[in-house]
Amino acid sequence: MSENGYTLNPLTTTIEPGEPTDFHFTVSGPDGRPVTDYQVQHEKKLHFIVVSRDLGSFQHLHPEMAPDGVWSVKLTLPEAGAYRAFADVAPTGGASLTLGADLSAAGDYDPKPLPEASRTATVDGYTVTLDGELALGQASRLTLKVAKDGRPVTDLQPYLGAYGHLVALRAEDLAYLHVHPDGEPGDGRTTAGPEIVFYAEVPSTGDYRLFLDFQHEGKVRTADFTLNAGERPATPRTAAPSGHHHH
925 MSENGYTLNP LTTTIEPGEP TDFHFTVSGP DGRPVTDYQV QHEKKLHFIV VSRDLGSFQH
985 LHPEMAPDGV WSVKLTLPEA GAYRAFADVA PTGGASLTLG ADLSAAGDYD PKPLPEASRT
1045 ATVDGYTVTL DGELALGQAS RLTLKVAKDG RPVTDLQPYL GAYGHLVALR AEDLAYLHVH
1105 PDGEPGDGRT TAGPEIVFYA EVPSTGDYRL FLDFQHEGKV RTADFTLNAG ERPATPRTAA
1165 PSGHHHH
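Here the numbering used here is used: position 228 in the sequence shown is 1152, and no number is missing along the way.
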């Protein structure tokens, strides 16, 4: 909930399932007052992510801040149950923080099991495949490949300063992982698809849920994956010089 004296404070407490709600919150600083001054990261002062506890539902929203530091955003919690909100921020003069808060939508809660481990996601006629492993103790290279109707997509549009935005959450406790894109649009080497490359560091073994936001033809879509993080490889893999290995 709190990090370095900063806290995410929901001001809206009642949320009806399926009803769009004007959701308000603040980020308070060590002095207890709402923070009003933020550094821009990935084109926004604050990234707001809401997931259901069972990690079936994911939303990446863009709240607006009033001068007094109160953020507001239209939020719909799809069904009754427990949710977690994350605010990704860097207060001016401070480090990047990820702050969490619990939300709930009233009613009978029916948690669903974690989706099966999968390296392929389909959304709106797009197929996204994930290559790479989550390995402990090292930055893991993840390559996501986007195709539409079976053809590679080579004209992805920048979204938040990158060709994709990836969020990874640990299934057990919803710990939030920082994931960094490799390269950025316009740097002369990063292509607009079909591949988007990220580096992720995982703090423990276990199951993770990954959500990729990508933009194509003016619309942002989200592809989701379930991956298991294994131990760090004991010996360097010398058998496959190309670095590609298939399951």
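Cβ coordinates follow ideal geometry from the N, Cα and C atoms, glycine included.
For Gly1061, DSSP records no beta bridge to any residue.
Counting along the chain, Val1103 sits inside the beta strand (DSSP E) bounded by residues Val1103 to Pro1105.
Spanning the alpha carbons of Pro934 and Asp1055 requires a straight line of approximately 37 Å. Going by beta carbons, Tyr1132 and Asp1106 fall outside the 8 Å limit. By the Cβ-count criterion, Ser976 is buried, with 16 or more other Cβ atoms from all chains shown falling within 10 Å of its own Cβ. Taking C-alpha positions only, Asp1034 is separated from Val1070 by approximately 32 Å. For Val1121, DSSP records a beta bridge to Thr1067. Cα atoms of Asp946 and Arg1043: separation of roughly 35 Å, rounded to the nearest angstrom.
Annotated as proximal: Thr1150 and Leu1038, with beta-carbon spacing under 8 Å.
With 16 or more neighbouring CB atoms inside 10 Å of its own CB, Pro987 falls in the buried class.
The distance from the Cβ of Val994 to that of Leu985 is about 15 Å, inconsistent with a contact at the 8 Å cut-off. When the five nearest sequence neighbours on each side are left out, no beta carbon in the same chain lies closer than 6 Å to the beta carbon of Lys1143. With distances taken between CA atoms, Lys969 lies nearest to Ala1019 out of Ala1116, Glu943 and Ala1019.
Fewer than three pairs of CB atoms, one per stretch, sit closer than 8 Å, so the region 1109 to 1129 makes no contact with the region 948 to 962. Residue environment analysis places Pro1118 among the buried positions, since at least 16 neighbouring C-beta atoms fall within 10 angstroms of its C-beta. Note that the C-beta distance between Ser1028 and Pro1002 is not below 8 Å.
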